[in-house]
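Working notes, beginning with the structure itself.
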Amino acid sequence: MNVALFVPCYIDQLYPRVAVATLHLLEKLGCTVHVPLNQTCCGQPMANAGSERDSLGAMHHFVDVFHRYDYIITPSGSCALHVKEHYDTLGERVDVRHVRARTYELSQFLTDVLKVTSLPAAFPQKVGLHASCHGLRGLRLACSSELHAPPYDNVRRLLELVDGLEVVDLTRPDECCGFGGTFAVSEEAVSVRMGIDRLQDHLEHGVDVITGTDMSCLMHLEGLARRSRLPVRILHFAEILNGGSA
Amino acid sequence: MNHPVAAAKFNEDAARTQWHDEALWFVRQKRDRASRTIPEWEALREQASQIKAHVLANLDTYLEEFERNARANGVQVHWAQDAEEHNRIVHSILKRHGVRKLVKSKSMLTEECHLNPYLEAQGIEVIDTDLGERIVQLARQAPSHIVMPAIHFRKEEIGELFHDRLGTEAGNADPQYLTEAARQHLRAQFLSADAALTGVNFAIAETGGFVVCTNEGNADLGAHLAPVHIACMGLEKIIPRAEHLGVFLRLLARSATGQAITTYSSHFHRPRPGTEMHIVLVDNVRTEHLAREDFRAALKCIRCGACMNTCPVYRRSGGHSYGYVVPGPIGAILAPARDLKTYATLPFASTLCGSCSDVCPVKIDIHTQLYKWRQVVTEAGFLPREKRLMLRLAGRLFKYPHLYQAAGRWGRRLLRKLPRRMLYTPLNAWGRARELPEPPRQSFREWYIENRKPE
């Protein structure tokens with residue numbers, strides 16, 4: 055299987071340990087993983103901030119770098135969604151179509167392609183799962199609380215394969231954390247308030263660790279938690295599936 | 058108007074923000090419970106969405122059919138191109154009947170057209186009879202929510218307001234006492250009004266009739282007592298047949314307040330003998346909106362307010378922070394169509410979390426439209442200059458791998474080396490309440506090159 059690891063720019067620069075964990079996890083599960091060294095960014099930051107025009111360079115570059123791989127795996131729901139949903143701007147081209155169809159958020163790939171049913175990992179902790187919105191309502195990694203459909207949750211199911219791990223139920227299971235890209239700074243007051251409320255929900259339910267599919271949301275929550283010295287660790291779910299402690 | 062500024066102001070009172078958030082989340086939960094009583098909920102949403110899509114694609118035909126049937130029922134039908142013409146038409150009807158006092162049930166359209174100040178300037182007294190609307194009217198404010206106009210008021214504040222304006226006991230904030238006072242006050246208004254104005258929730262092309270939904274019966278009291286009934290509606294309120302009401306009435310109240318149905322769903326067809334009934338059909342930029350393919354679906358809205366109740370930003374910034382007659386996510390995609398420059402910050406007052414689109418009973422792709430409006434705002438040059446510059450710069454950076462890698466290296470180095478006071482300046486909005494991430498020594502790429510020795 056010709057698998058490429060797409061490392062979101064902020065993970066490359068700020069959370070390399072998440073990309074390392076993703077790489078190790080995929081290798082453990084039998085994938086030969088290629089890491090294109092000239093990759094940069096999917097273009098989401100500019101596009102969501104209102105300028106698809108400024109993201110075109112990054113988007114074309116992304117297609118150039120990744121179109122030759124069968125599967126493009128990324129530990130970010132939001133970046134995966136951007137490629138799948140907004141690359142229509144690049145037009146109907148074979149390589150664009152291929153990249154859009156073959157980009158997978160990590161849990162999606164583990165569930166839908168590798169069909170993982172067991173994991174050699176242990177993590178005896180109470181874990182709060184933050185359902186990042188783009189993964190949840192964009193990629194449909196779980197059934198959102200607004201919709202009336204049979205419940206499922208890919209990420210939770212994967213986490214529950216880990217030995218000793220308990221996923222804790224929250225009062226508001228899928229409320230946004232308030233990161234939202236440039237929203238975090240342009241709407242600072244609301245963003246911070248949303249983040250504090252999210253942390254509160256996790257803490258009230260006695261979690262040791264908050265995890266999720268998107269390090270961007272987690273970076274926001276981590277920033278708030280560290281400022282207030284809250285007793286909670288923040289880990290990407292790839293780190294937990296890869297065996298636990300970071 | 059500037060959403061982030063207004064929202065920051067709202068958040069200065071943390072306890073109030075929390076209360077506002079919880080009050081609206083309570084309504085969202087009621088919606089969840091009520092909608093779950095209908096096994097075919099998702100099919101119903103899909104059907105409603107398709108009926109509305111069909112109507113929007115055939116709006117001219119259905120409007121003419123509606124007009125024909127309404128006229129045949131003895132209703133007088135008027136067409137208004139814009140807000141000004143709408144107000145003129147309403148005033149001319151009132152003037153002909155020598156109306157001094159008008160009772161009005163809830164109509165977001167008349168808010169949109171600023172009918173009240175227009176009529177008041179002509180010497181006509183206008184009484185809003187929906188309790189929430191009466192509260193904001195007495196407080197000389199605008200509604201902060203389309204279904205619960207006074208949701209931003211606490212009961213103690215309403216106690217004070219009523220004491221001041223209606224003469225209730227000082228310090229009494231008992232909801233039952235205050236509601237009874239409002240009831241007596243409004244009863245007198247209904248009895249002394251010369252004309253009644255209502256909104257329209259659904260107008261049925263096939264019958265020429267229309268339906269008004271209220272929980273207080275105030276539309277009926279007004280319309281049944283007064284010799285003149287004027288109903289004002291936006292062009293998009295049309296549905297083809299009476300049988301389609303079954304789809305929309307089941308969705309509307311459950312989505313809005315978690316009720317199975319509004320207490321009153323009043324069907325109006327023709328004037329009582331000796332009275333007049335008028336319908337004013339208002340365009341006011343709707344046909345222009347209809348022509349914008351990316352944004353057309355916003356006209357499917359049935360004004361249930363569910364997107365407001367579910368929106369984590371609305372709940373923590375309040376309806377007034379949007380500065381538009383319809384606040385919240387749906388307002389943020391309607392307002393830019395009206396005045397892009399004035400409402401340029403609204404499409405950005407969202408994390409694009411998508412809860413609005415999933416909760417919407419007519420399946421409007423609200424968050425997708427927010428994303429698209431952002432592009433329109435930028436192309437029109439209404440983005441703040443610094444932000445525009447930053448985006449250009451970032452765009453260049455990510456186009457060239459070497460540039461990106463070098464910028465990353467330098468960025469991490471600066472984050473590590475700079476003293477705290479130089480990082481956490483007033484310009485660093487991220488750092489006001491949050492720590493910056495701890496920068497690692499190596500990027501993933503650098504780690505990979507060192508540890509995996511790729512060719």
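Those protein sequence lines, which keep their order, are chains A and B. Under the numbering used here, the residues of the first sequence are numbered 55 to 300, in order. Under the numbering used here, the residues of the second sequence are numbered 58 to 512, in order. By construction, the Cβ of each residue, glycine as well, lies at the ideal position given by its N, Cα and C atoms.
Could you round the C-beta distance between F501(B) and A73(A) to whole angstroms and report it? I think they count as a contact, below 8 Å. 4 Å
Residue from E139(A), T171(A), Q162(A) and T86(A) whose Cα sits closest to the Cα of D217(A): T171(A)
May I ask you to report which of helix, strand or coil DSSP gives M479(B)? helix
CB contact below 8 Å: Q432(B) versus chain A: So yes, Q432(B) belongs to the interface.
Partner residues on chain C for E159(A), Cβ-Cβ distance less than 7 Å: Here chain C cannot be found, since the structure's protein chains are A and B.
May I ask you to check if the CB of H114(A) is nearer than 7 Å to at least one heavy atom of the ligand HEM? For the structure depicted, the ligand HEM is absent and the ligand set is empty, with no information on it obtainable.
How would you label P483(B), buried or exposed, when you count the other beta carbons within 10 angstroms and need 16 or more for buried? Around the CB of P483(B), fewer than 16 other CB atoms lie within 10 Å, so the residue is classed as exposed.
For the putative contact between P497(B) and R469(B), defined by C-beta atoms under 8 Å, what is the C-beta separation to the nearest angstrom? 7 Å
Using a Cβ-Cβ cutoff of less than 6 Å, which residues in the same chain neighbour C63(A) once the five nearest sequence positions on both sides are dropped? C95
Under 8 Å between C-beta atoms, does K420(B) make it to chain A? Not a single CB atom of chain A sits nearer than 8 Å to the CB of K420(B).
Put F210(B) into one of helix, strand or coil per three-state DSSP. coil
Within the stretch 425–474 of chain B, note down every full alpha helix (DSSP H) run reaching 4 residues or more, in order along the chain. Whole alpha helix (DSSP H) segments, 4+ residues: 442–456 and 458–474.
Chain A within 8 Å of T482(B), Cβ atoms only: Output row for T482(B): interface = no.
In chain B, which residues lie less than 8 Å from S130(A) when you measure between Cβ atoms? Within chain B, no residue comes near S130(A); the closest Cβ sits about 13 Å away, beyond 8 Å.
With 16 other Cβ atoms within 10 Å as the buried cut-off, status of K474(B): exposed
Thinking L289(A) and L253(A) are a contact (beta carbons under 8 Å), I'd like their distance in whole angstroms, please. Not really, about 15 Å apart at Cβ, beyond 8 Å.
Give a yes or no on whether the minimum CB-CB distance between V383(B) and chain A is below 8 Å. no
Would you identify the three-state DSSP class for Q133(B), choosing helix, strand or coil? strand
Where in the stretch 147–226 of chain A do unbroken runs of the alpha helix (DSSP H), each at least 4 residues long, occur, reported from the N-terminal end onward? 148–156 and 208–213
Alpha helix (DSSP H) runs wholly inside the stretch 181–256 of chain B, at least 4 long, in chain order: 188–195, 212–223 and 232–249
Check whether the Cβ atoms of G266(A) and L183(A) lie closer than 8 Å to each other. yes
Pick helix, strand or coil for G279(B), following the three-state DSSP scheme. helix
Alpha helix (DSSP H) runs contained entirely in the stretch 338–363 of chain B, provided each spans 4 or more residues: 343–348
Let me check one thing: in DSSP terms, what residues is Y125(A) bridge-paired to? V57(A)
Residue nearest to I390(B) in terms of C-alpha spacing, selected from R372(B), G375(B) and C413(B): C413(B)
Which class does C63(A) belong to by DSSP, given the choice of helix, strand or coil? helix
Of the listed residues V246(A), R122(A), I65(A) and G192(A), nearest to E492(B) (C-alpha basis): V246(A)
Same chain, Cβ closer than 6 Å to G388(B), neighbours up to 5 away in sequence not counted: Y379 and Y381
Do H111(B) and A140(B) have their CB atoms nearer than 8 Å? no
Based on Cα-Cα distance, which residue from A239(B), Y481(B), D251(B) and P441(B) lies nearest to H154(B)? D251(B)
Rounded to the nearest angstrom, how far is the Cβ of I359(B) from that of F305(B), given a contact under 8 Å? 6 Å
Please compile the residues from chain B whose C-beta is within a distance smaller than 8 Å of the C-beta of F233(A). T408
Could you spell out where the beta strand (DSSP E) holding R157(B) opens and where it closes? Run containing R157(B): none; DSSP gives neither H nor E here.
Go through its chain and collect everything with a Cβ distance to F259(B)'s Cβ below 7 Å, but skip five positions before and after it. The answer, listed in chain order, is F267, V268, K294, I296, L302 and F305.
Of all the CB atoms in chain A, is at least one closer than 8 Å to the CB of F83(B)? no
Nearest to K357(B) (by Cα), restricted to the options P328(B), R395(B), I423(B) and S374(B): I423(B)
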